[in-house]
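Position one of the sequence shown corresponds to residue 82 (this note's numbering), numbered consecutively onward. Written out below as structure tokens is the structure these notes cover.
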Amino acid sequence: MATILLSEEKQQILNVVKDFCKKEIAPVAMELEHADEYPHDIVEKMKELGFFGFTIPEEFGGIGLDYVTYSLVIEEITRYWMSVSGILNSHLIMAHIVEKYGTKEQKDHYLPKFATGELRGGLALSEADAGTDIQNIATKAVLQSERYVINGTKMWITNARYGNTFILAAKTDLQVTPRYKGISLFIAEKGDGFLYKRHRQTWLQRN
Ligand SMILES: Cc1cc2nc3c(=O)[nH]c(=O)nc-3n(C[C@H](O)[C@H](O)[C@H](O)COP(=O)(O)OP(=O)(O)OC[C@H]3O[C@@H](n4cnc5c(N)ncnc54)[C@H](O)[C@@H]3O)c2cc1C
Numbered sequence: 082m083a084t085i086l087l088s089e090e091k092q093q094i095l096n097v098v099k100d101f102c103k104k105e106i107a108p109v110a111m112e113l114e115h116a117d118e119y120p121h122d123i124v125e126k127m128k129e130l131g132f133f134g135f136t137i138p139e140e141f142g143g144i145g146l147d148y149v150t151y152s153l154v155i156e157e158i159t160r161y162w163m164s165v166s167g168i169l170n171s172h173l174i175m176a177h178i179v180e181k182y183g184t185k186e187q188k189d190h191y192l193p194k195f196a197t198g199e200l201r202g203g204l205a206l207s208e209a210d211a212g213t214d215i216q217n218i219a220t221k222a223v224l225q226s227e228r229y230v231i232n233g234t235k236m237w238i239t240n241a242r243y244g245n246t247f248i249l250a251a252k253t254d255l256q257v258t259p260r261y262k263g264i265s266l267f268i269a270e271k272g273d274g275f276l277y278k279r280h281r282q283t284w285l286q287r288n
């Protein structure tokens, strides 16, 4: 097994995570997992410690961790409770997409809020008939005047219930070949017309 040597600063960050896992996650993980309850207290503490900004660059208020160190952070968290890693990972993938492909205006607006956890969320890609075959999404975005009107339903979205901002995949071109080239990504905040509807457990009980 390869040994990864971390700088003192990165090792300190990892030590903070290890301490956090032992003190805050370990005592409640089993109980919350079995009750299928969202770890609100853990999330609040992660916000205070800046965890939602792990890989967001420092210029936007994040910690600016490289992905090797971040993977060690996630390895540590998943040792205690895998679900907590999902809350962070999908949020930080969303942040990465904004950082890599967003406009300057979008970066300046969203990344500092993602870093503090004020805005949290993830990826809204999957649908009933589009998982691995993502180009099969039925959600459409139609340009009307200067705004896109988006219609569709997503499912299996990590952070859907308690998050508020998502990278939303929608078709903007239905004719292009290959079909995946007709997909665009939007930054969508919950609000009028963009709602969370039901939790997996509710669905299972009804069917
Ligand atoms: C814990 C969890 C969290 C998730 N969070 C999110 C989220 O935050 N946002 C989001 O958008 N989605 C999320 N998803 C959905 C996830 O992205 C999809 O489940 C995934 O893309 C697979 O799609 P599917 O379940 O429809 O399976 P399918 O696409 O139906 O695949 C079923 C099986 O068939 C195999 N398969 C499919 N196509 C082929 C092929 N052409 N050749 C060979 N094998 C094939 C697959 O490998 C798989 O084993 C989450 C899923 C899970 C389990």
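Where is the CB? At the ideal position from N, CA and C, for every residue including glycine.
Check, Outcome
"Less than 7 angstroms between the CB of residue 214 and some heavy atom of ligand 1, yes or no?", "yes"
"With a threshold of 16 other CB atoms inside 10 Å of the CB of residue 108, please say whether the residue is buried or exposed.", "exposed"
"According to DSSP, is residue 288 part of a helix, a strand, or is it coil?", "At residue 288, the pLDDT of 29 sits below 50, so the modelled position is not reliable; the number obtained from the coordinates is stated separately. Coil, per DSSP."
"Give the DSSP-derived three-state secondary structure of residue 264 in the structure shown.", "strand"
"Ignore the nearest five residues each way along the sequence and tell me which others in residue 157's own chain have a CB closer than 8 angstroms to its CB.", "95, 98, 99, 102"
"Pairing CB atoms from the region 201 to 208 with CB atoms from the region 231 to 250, are three or more of them under 8 angstroms?", "yes"
"Under 7 angstroms from any heavy atom of ligand 1, does the C-beta of residue 238 make it?", "yes"
"Taking DSSP as the reference, what is the three-state secondary structure of residue 225?", "strand"
"If you compare alpha carbons, which of 165, 236, 179 is closest to residue 132?", "165"
"Starting from the Cα of residue 249, find the closest Cα among 261, 222, 148, 262 and give me that residue.", "222"
"Give the C-beta separation of residue 268 and residue 124 to the nearest angstrom, bearing in mind that I take them to be a contact with Cβ-Cβ under 8 angstroms.", "Contact flag wrong, Cβ pair sits at about 21 angstroms."
"Report the rounded CA-to-CA distance for residue 182 versus residue 258, giving the unit in angstroms.", "22 angstroms"
"Compare the beta carbon distance of residue 251 and residue 213 with 8 angstroms and say whether it is the shorter of the two.", "no"
"Going by alpha carbons, who is nearest to residue 271 out of 201, 255, 256, 246?", "246"
"Can you look up residue 91 in the DSSP assignment and give me helix, strand or coil?", "helix"
"Among residues of its own chain, excluding the 5 on either side of residue 262, which ones have a beta-carbon nearer than 8 angstroms to its beta-carbon?", "254"
"Terminal residues of the continuous beta strand (DSSP E) containing residue 159?", "Segment 148 to 161 is the alpha helix (DSSP H) holding residue 159; no beta strand (DSSP E) there."
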